Structure formats: C-alpha cells, structure tokens
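Below: one structure, written as structure tokens.
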Amino acid sequence: MQGMDNMLAAYAGDNPFLLGWQQSSFTNFPASFWNVAVGRPCPGNTTDMPYAGVSCNDQGYVVAVDLSQPSFPSGVPKLQGVLDWNISGVLFLERLDVSYNLLEGPVPPQLGLAPSLKSLNLEGNRLNGTLDDMLCYLDKLECLHLADNNLTGSLPWCFKRFPCPDFAGNPTLNTSGCLDVPYKSCPDNYTAAVAPPPASSGLGVGAVIGIVFGALALVALLVALFIFVRFKQEERRKREEAERLAQDIETQISTRHFGTLRRFSVDELSKATNGFDEDNMLGEGGFSKVYKGKLEDGKFVAVKRIKEEKKSGGELMFLSEVELISRAVHRNVMHSEGFCVEKGECMLVLPFYANGSVASRTQGKEGNPMDWLSRMKVARGAAEGIAYMHTDCNPKLIHRDIKAANVLLDENDEAVIADFGLAKEMDVHESHASTAVKGTIGHIAPEYFVSGQCSEKTDVYAFGVFLLELVSGKDVFELTLPPEAEELLLRDWIANMLRDGKIPEFVDNDLTRLGYDEADVAKVLQVALLCMKHDAVDRPTMDEVAKMLSGKALADKWEKWQEEAAKMSGEDVMAVVNTPAIWENTTTGISLDAFNLSGPR
C-alpha cells in the first residue's frame, strides 16, 4: 500500500487546500487506473472524477475512498502490504472501504484522527494485532466492519456498541460486550455535495430580517443539539468507564490477598459515622479525613475517607494500601478492621485509639501528660514496629512518614505505627527504591529529599527526629535554636548540648515537672543523633536502634561515632560530659510483652 498516505494527505494553512498526493504510482496499480496525469483526486467537478474509488464534494475535498477489491476494474489485483496510513489531515473523509484485499499489520491508530469518519470497512484482510484505544476518538463512527482478519486482544470500550458480526472471523479476538444483533451492511454514501449559495432574489428588508432571525434560530438549535449530543456521548463514556473500573476493582479484590479484612458498604460506614458528620472528624491530612464511627455491634472504629479530589483513578492504588496493611501483623503496627470501595468512595476502617497519638499527648497536651517511663516504652515499641516492617514483612515495607502524629497509643499507652498511606514496598533484594518524594518536611532524610531514593535508612532518619519530638514535647519546627547556634544543623546543636551538659534546656516541661533520669535522656538523644547521621550507610538499622533503646550496643556505636567525628574536626566534638553511653537493662523495668491491639484512633 505504498503511497496511499500521500493520496490522503492534507496540507494545513489559513485556507484549506485541495487534497492531493506527491507520488504518481501505487503498488500493484497501473498508472492508467489512477489517471496520474490529472495530479489530484478532486478536480473541483464531481461529475468528472479522475480517480476510481474516490468521491469528492463540490469544494474539492475527499469524502469517500472505496478500494474494496470487488469494486476494482478487471485485471487490477488485490491491495497488499502493511496498512500504515497517516490521514491526520483528512478533515472531511466520511467513508473508507478497503475490504477483501491482502492488507497486513495492525489497524492504524492514526485512523482515530479522521474526525468526520462515519463508515470504516476493513473486513476480509490479514490485519493482526490489537485495537488501539486511540480509535475511540472516532466519535462519529456509525458503521464498522472488521470481520475475517487475525485481530487479537479485547475490544476497546467504544467498539462494544457495534454488532458482534462486525468482528466475526477473528479467532483470538475477545469480543465480549458487543451487541448481539444481526449483521448490517454500511450505506454506500453518507454525504451529498455541498449546494452552491442561493442567487439573490431581491427580497425586501422584512424578508431578509426574517431569514436572518430564522438562520440564527437554526444555528442556535444546531448548537444546542450539538451540545446535547456531546453531553450524551460524554455521559455514555463516563458510564462505560465507570463500569469498566468497577469490573477492574472487583477483579483486583478477587485476586489480591486481604487476609481476614472485612469489606464494608458505603451505607454501613455512613450510618456508623452519622453521615460523616464533621463533629465526628478526628483529623484531616493532605489526602484523607478520619472520622470516629460506631459499628452495629457497638465497636468503635476510625474511618479513613479518601478526599474526593484525591480519589479519581486511585481506587487500585487504594487497594494496594489495604493489601499492605493486611500483610503487617505485629503488636506495634496498626491492623485494619476492613475497607470499602464502592460508589466512587475509598475508605479504610481502622481501630479507634482513644488515647490519641504521641503528638496529641506531648505536643497538643491532650489527656494525661506522658511521664518518662511511658515515653521510653513508646520509643521502644515504635522501634520494634518499624524494625518488623523492614525485616519481617515480605516484601519489606518502608513507611516514609514516621513522626509523632503517626504513632498512636493504645489503652496501655503502647506505641502503634499508623498511616500506611505513604508506605512503599520493596523486594528483599533491593537496597533502595526510587519514588516521588513524600513525607513531612523536617522528617525527610537528605538523600531522599535530593534524589528521591528511599530505603530503610530513610525511616531510620525520621525515627531519629521522632525521638527528638518525644524528648522535647515539640514538633521539629518548634525547636528554636539559640542565637549562638543559628549556623548549626539541628543534630550538631543537640550534640553540643550533650557535650555541654545542657540537656534540661531541651527537655519537655512536663518531664521537668514529673521528673526524669538525665542519663537516660542523654542516651535517647545519642540514639537520635546516630539515626540522623548525614550518610545513610552510616546510620544503624531499626533492629540495631531497637536494641540500643533496650541498652544493647549503644556504647560501641556512640564511641565509634565520636572517633570518626574527632578525625574530621581535629577534636572530640561529640564528647559527652558525665553521660556514659552504657544503658543498664534494669533502668526502667518496662515489660515489652505481646498484647492485642484494641480501641479507636
């Protein structure tokens, strides 16, 4: 089919040009058949067409091409080769028929760029491959014949409005969804030549005014009709897209592993939250709102409802988040009661934790103030939960947003790692994953912020910041450096405070009032600084962090870092006065026995 694209080429400009081509011959076609001496398919006279199979209107535009083999003159062989046309400029082509030839290759997606095409007949060839969704741009297509080819794959959603016989004879083409109605042939023509403008009739002013107003009314009617038709087409497209998405969601739910999670309906959760009453709202993030709810069995839950503007096309992503949560089973990692994907809603049903979060208890000062032993228990529990995500989940999970607001407290003030909305799964053989930077400013590790590469060490850095929040009772942005330390990084300022014995200046006022062990606080700050080391490779793992918080191996880690810092600066800048880094296991006597999560957020 060499040269066919030239036959249908259009040339853009302020004024439309007649369609023509640049080559004078076509594969398997004698020059006499195309009358090449004329040089263009539309001479401006529809009664004297120089090319067989080409129809034009009075303005010289090609409106139909009929190259069906049965219409060829005697002695002209079938067309053969790859069907590969560029007809993006053919604005007026309404009918294209190349049926019963020997054409090969896929149906060109560029056919979708013929805005006026109403009839497309490609049956009886050797076409193969899948049908591209770009063909759905043929929104005026009324007749389609693709039977007796070698097409594969599934029908685009827009082709399911055509009769099943239009696709018969393609053994490996999935035609589910097509209309079960009889075969109907395409009309021979769709358009008539444009009539010349009427001659002047010498009408009076009144008649002219009447004609003008009548014409305006007709134009308004046509515009309204056009808008109505487009609205209906868009409505149908959205409905079909919604049906397809619903089917995809059901398929995903049936193939994913959600463990014992329950699937809730929108009506159930609406009733549980009193119609998502704002009075029941527990909190709001960038992507969701969380409501307190009460199920029919009397159990209190937290319902995480994805915001409308963040939900479009994200249902499958949401199911991935649900599956991630279902994989994590640990006393310090939040479990889920269930989920809801229905009527355009995406909701996660979580336990309700009445004691709130570490942030609400230490920064917001809600409920009873947390003493030092409680904060130590939280630090250890949170470390163990994150270590579980990094090492015992398959694939391992990186949280990417560790902070005080995302560590909840159960009825025993045990830490529960929450908010998996940013969790990233990693294969056990990967050392890092590249992803869009997500998280909370102030808690993001340097390498993650710069390169978008996250690893378990990204969570380790954020956990170090979390420990500072736990000790100070302040959000990281509320930590104000004194004037003499304005040029220092946060971790260097903390190190100087340890060296100079100024820990009380950093400790939460509640702890000052309730009492605390300054040596214990110093050791927690040492762990925080080790977690916040600039180079990810130098940070400990969360397993090591959990052990250090239990009094194991901290002294060696801290001593090694002091030696490295001394080599770089020429002095022992990290020396700590009267705070030996030896943590006795009997310091607090806190038990870390397993327990069952319960209570609402």
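Residue 6 is where the sequence shown starts when you use this note's numbering, and the numbers rise one by one after that. Quick reminder that beta carbons are idealized off the backbone N, C-alpha and C, glycines included. This structure is a prediction, so every number in the text was calculated from the model and none was measured.
#1: What residues in its chain sit with their C-beta under 6 Å from that of HIS448, if we drop five residues either side in the sequence?
#2: Residues in the same chain with beta-carbon distance under 6 Å from GLY174, minus the five sequence neighbours each way, listed in chain order, please.
#3: When you compare only the Cα positions, how much space is there between LEU321 and PHE357?
#4: According to DSSP, simplified to helix, strand and coil, what is ILE508?
#5: DSSP three-state call for HIS395: helix, strand or coil?
#6: When DSSP labels each residue in this structure, what does GLU289 get in the three-state scheme?
#7: Quick check: MET553 and ILE391, are their CB atoms within less than 7 Å of each other?
#8: For ARG267, name the three-state secondary structure that DSSP assigns.
#9: For LEU72, which of ASN337, PRO120, ASN126 has the nearest alpha-carbon?
#10: Going by DSSP, name the residue or residues bridged to SER159.
#11: Mind checking GLY343: buried by the 16 CB within 10 Å criterion, or exposed?
#12: Assign ASP513 to one of two classes, buried (16 or more other C-beta atoms within 10 Å of its C-beta) or exposed (fewer than that).
#13: Comparing C-alpha positions only, which one of LYS299, ARG336, SER293 sits nearest to CYS351?
#14: What's the C-alpha gap between GLY86 and ASP253?
#15: To the nearest angstrom, how far is the alpha carbon of LYS348 from that of PHE233?
#16: Could you please give the first and the last residue of the uninterrupted beta strand (DSSP E) stretch that includes ASN514?
#17: Locate the beta strand (DSSP E) running through LEU484, then write down its first and last residues.
#18: Could you spell out the range, first to last residue, of the alpha helix (DSSP H) harbouring ALA364?
#19: Classify PHE231: buried if its beta carbon has 16 or more other beta carbons within 10 angstroms, exposed otherwise.
#20: Looking at the strands, I want to know which residues DSSP matches up with GLY86.
#21: What would DSSP say about VAL383, mapped onto helix, strand or coil?
#22: Since LEU160 and THR180 are thought to touch, with beta carbons under 8 Å apart, how far apart are those beta carbons, to the nearest angstrom?
#23: From this set, LEU146, VAL363, PHE263, which residue's C-alpha is nearest ALA384's C-alpha?
#24: Hey, quick one: how far does the beta strand (DSSP E) through VAL542 stretch, first residue to last?
#25: Using the beta-carbon count (16 or more within 10 Å), is THR584 buried or exposed?
#26: What residue does the alpha helix (DSSP H) around GLU523 start on, and which one ends it?
#27: Output the boundary residues of the beta strand (DSSP E) element that contains SER331.
#28: Over what stretch of residues does the alpha helix (DSSP H) that includes GLU301 continue unbroken?
#29: Can you find the residues in the same chain that come closer than 8 Å, C-beta to C-beta, to ASN601, ignoring five residues on each side of it along the sequence?
#30: What does a CB cutoff of less than 6 Å around VAL224 pick up in its chain, not counting 5 residues either side in sequence?
#31: Going along the chain, which residues of its own chain have a beta-carbon closer than 6 Å to the beta-carbon of PRO170, five neighbours each way excluded?
#32: For a test of the three-state rule: what should DSSP assign to ASP418, helix, strand or coil?
#33: Hey, would you say GLY372 sits closer than 7 Å to ARG366, going by beta carbons?
#34: Could you check where the beta strand (DSSP E) with SER124 kicks off and where it finishes?
#35: DSSP state of LYS562, grouped into three classes?
#36: Taking only three categories from DSSP, how would you classify ARG405?
Concretely, from the data shown:
#1: LYS408, ALA467, VAL470
#2: ALA152, ASP153
#3: 25 Å
#4: helix
#5: helix
#6: strand
#7: no
#8: strand
#9: ASN126
#10: ASN179
#11: buried
#12: buried
#13: SER293
#14: 37 Å
#15: 26 Å
#16: Note, ASN514: premise wrong, no beta strand (DSSP E); alpha helix (DSSP H) at 514 to 519.
#17: Segment: none, LEU484 is in no beta strand (DSSP E) and carries neither H nor E.
#18: 363 to 367
#19: exposed
#20: LEU108
#21: helix
#22: 6 Å
#23: VAL363
#24: It is not in any beta strand (DSSP E) - VAL542 carries neither H nor E in the DSSP assignment.
#25: Because the pLDDT at THR584 is just 36, under 50, the model does not fix this residue reliably, and the value given afterwards should be weighed accordingly. Buried is the call here.
#26: 523 to 536
#27: Counting along the chain, SER331 falls outside any beta strand (DSSP E), though it belongs to the alpha helix (DSSP H) covering 320 to 332.
#28: Unbroken run through GLU301: none, as it is neither H nor E.
#29: Residue placement at ASN601 is flagged as unreliable, the pLDDT there being 26, under the threshold of 50; the coordinate-derived value follows with that caveat. Contacts found: ARG336.
#30: none
#31: TYR188
#32: coil
#33: yes
#34: 124 to 126
#35: helix
#36: coil
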